[in-house]
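S.K.:
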Amino acid sequence: MKNKRAFSIKGSLKRFLAWLPKPNLSEIFTIIKQSLFALIICAFADIFAGIYLTSMIDFLILLPGILTMLPAAIDMRGNVYASMGSRLSTGLHTGEITPNLRGSKLIAENIYSSLIQTLIMAAVIAFFAMVGGIILQNQTIGFVHLFFISLFASLIAAIGLILTTILVAILSFKKGLDPDNVSSPLIASIGDILNVISLFGVGLISFSLNSLFMLISSVVVSLIVLIISFFSIRNSYYAKRILKESMPFLALCAFLSTLAGSLLDKNLQFIGIFPLLLVLSPLFNAENGNIGSILSARISTSFHLGRAEITFLPKLDILKEFAYNFVITFLLFPILAILAYVISFFANIPAMDLLILFKISIFVAIISSFASMLTSYYLTYFSIKTNIDPDNVVIPLLTSVMDIASVGILITVASIIVF
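Put into structure tokens, the structure is as follows:
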């Protein structure tokens, strides 16, 4: 009887192992190599943005309301243009867009719809910043001032991000790389630098301007860009669908990102004891969003090409994608912690013990990887079930949800390990 039971268990184990998909080591190596390369490059951009942010604390005090607006403003440009990158990647894979840019009507429609998204969300973010200040009983510089900074910072960043998004998608595809593996993290991280610099740059200029000039210039520029963009896409079902599907979700993302900023603000006393956490927070936020965006873009492309079926319980091919993402996160986060530690040392930012920092990064990597993967997959699943193109909505929602999750996970893990 004992031998029969052992034989039965052994047989069941063999059948289970045979049922599992055979790992493609070449595919795993390609995905990890391409993604890690892009993510590590992006890490330097995110660390720079975090260090620059810590150096502008006095400026944030002089312009109350900017700190409330900052996380949403940074995220929104990444959300809009990472989604654009995902759409371009899908178009390249399906043949709707050619790498030589001939017949690039689809690219033009993406540009104009993204500009409309940027302008509308500049107003929405300024509004949320003002309302957030009222709710929290914090003084703000007023809606007109906030909108002026948000609008012109958005337009300055948009110029760089539009060019970056197109070049990254086209060049990576031409070089034989999968744009899904590199476009989202590169676009989001370049956006981090452009957004922080443009936001503070426009904020400094606004000191010398009066409210009437800021109001008139904001309204005139908004109307000019919106009229040109709407006229250019007036007959495009594709562009109208992008706007119809994405705008409600982008507004929700702005609200979620504001919550993330509020969570950071609530823990400023703890972060003040360990200022390196202020560098790690935007870094981990961005990389969690980037890794989840890679997964989302790959799943979306596979779905559009008919290579993957998206069901409520993930199938084995999707579980393989989960495994790739987990490995990337587990390898990346300790590297990020070491990079942040070294660069912060040269930037004269007080550091915590390296071993403690390493422990924090490992636990944050494990927890956040599962949060990122599940969020990415089920946002894709529900968007498909509701007949919404996942390229239009998943990445913005994912990065905003992961903002809150990443801040919460980092603060919780750091509090447990440190104390």
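Here UniProt numbering is used: the first residue of the sequence shown is 1, the next is one more, and so on. A virtual CB, placed ideally from N, CA and C, is assigned to each residue, including glycine.
1. Using the C-alpha atoms, what's the distance from Phe-249 back to Thr-380?
2. Shortest alpha-carbon distance to Ile-159 belongs to which of Phe-127, Ile-134, Val-225?
3. Rounded to whole angstroms, what is the Cα-Cα separation between Met-214 and Gln-117?
4. Quick one: Cα of Thr-386 to Cα of Ser-86, how far?
5. Would Ala-108 be called buried (16 or more neighbouring beta carbons within 10 Å of its own) or exposed?
6. Unbroken alpha helix (DSSP H) runs of length 4 or more, entirely within the stretch 202-280: which are they?
7. When the Cα atoms are used, what is the spatial distance from Phe-333 to Ile-356?
8. Looking only at C-alpha atoms, which of Ala-297, Ser-208, Ser-218 sits nearest to Ile-120?
9. What do you get for Phe-7, buried or exposed, if any count of 16 or more other CB atoms within 10 angstroms of its CB means buried?
10. Just verifying my parser: in three-state terms, what is the DSSP assignment at Pro-64?
11. According to DSSP, is Gly-408 part of a helix, a strand, or is it coil?
12. DSSP three-state label for Asn-195, please.
13. In its own chain, which residues sit with a C-beta less than 6 Å from the C-beta of Gly-132, not counting the 5 before and 5 after it?
14. Using 8 Å as the threshold, is the stretch 285-296 in touch with the stretch 370-377, meaning 3 or more CB pairs across them?
15. How big is the Cα-Cα spacing for Asp-389 and Ser-383?
16. Roughly how many whole angstroms lie between the Cα atoms of Ile-197 and Ile-291?
17. How would you label Asp-353, buried or exposed, when you count the other beta carbons within 10 angstroms and need 16 or more for buried?
18. Looking only at its chain, what residues have a beta carbon closer than 7 Å to the beta carbon of Ile-187, apart from the 5 residues adjacent to it on each side?
19. I need the DSSP call for Leu-106, collapsed to helix, strand or coil.
20. Is Leu-339 closer than 8 Å to Ser-361 when the C-beta atoms are compared?
21. Under 6 Å Cβ to Cβ from Ala-72, same chain only, skipping five residues before and after it: list those, please.
22. Find out if the Cβ-Cβ distance for the pair Thr-54, Ile-242 is shorter than 8 Å.
23. Considering Cα atoms alone, identify which of Gly-408, Ser-150, Leu-410, Ser-369 is closest to Ser-222.
24. Gly-201 and Ala-129: beta carbons closer than 8 Å?
25. Excluding the 5 residues flanking Val-144 on each side, which residues of the same chain have their C-beta closer than 7 Å to its C-beta?
26. Going by other Cβ atoms of all chains shown within 10 Å of its Cβ, with 16 needed for buried, is Leu-313 buried or exposed?
27. Look at the alpha carbon of Ser-302 and the alpha carbon of Ala-43, and state the distance between them as a whole number of angstroms.
28. If you drop the 5 nearest sequence neighbours on each side, which residues of the same chain put their C-beta closer than 6 Å to that of Leu-17?
29. Can you list, in chain order, the residues of its chain with a C-beta nearer than 6 Å to that of Phe-363? Leave out the 5 residues immediately preceding and following it.
30. In chain order, what residues of the same chain have a beta carbon less than 8 Å from the beta carbon of Phe-419, not counting five sequence neighbours either side?
31. Rank Ile-366, Phe-346, Ile-343, Pro-282 by C-alpha distance to the C-alpha of Phe-322 and give the top, closest one.
32. Identify whether Asn-348 lies in helix, strand or coil by the three-state DSSP scheme.
33. Return yes when the Cβ of Ile-299 is within less than 8 Å of the Cβ of Tyr-378, no when it is not.
34. Near Ile-193, what residues of its chain come up, given a Cβ to Cβ distance below 7 Å and the 5 sequence neighbours on each side ignored?
M.R.: Inspection of the coordinates gives the following:
1. 13 Å
2. Val-225
3. 21 Å
4. 19 Å
5. exposed
6. 211-232, 237-266, 268-273
7. 13 Å
8. Ser-218
9. In this predicted model, Phe-7 has a pLDDT of only 47, less than 50, meaning its place in the structure is not dependable; the value taken from the coordinates is given anyway. Exposed is the call here.
10. coil
11. helix
12. helix
13. Thr-68, Thr-258
14. yes
15. 7 Å
16. 24 Å
17. exposed
18. Gly-78, Tyr-81, Ala-82, Gly-85, Leu-161, Thr-164, Thr-165, Val-168
19. helix
20. no
21. Ile-125, Ala-254, Ser-257, Thr-258
22. no
23. Ser-150
24. no
25. Ser-211, Met-214, Leu-215
26. exposed
27. 27 Å
28. Unreliable placement is indicated for Leu-17, whose pLDDT of 46 sits below 50; no coordinate value is reported for it.
29. Val-413
30. none
31. Ile-366
32. coil
33. no
34. Ala-45, Phe-48, Ala-49
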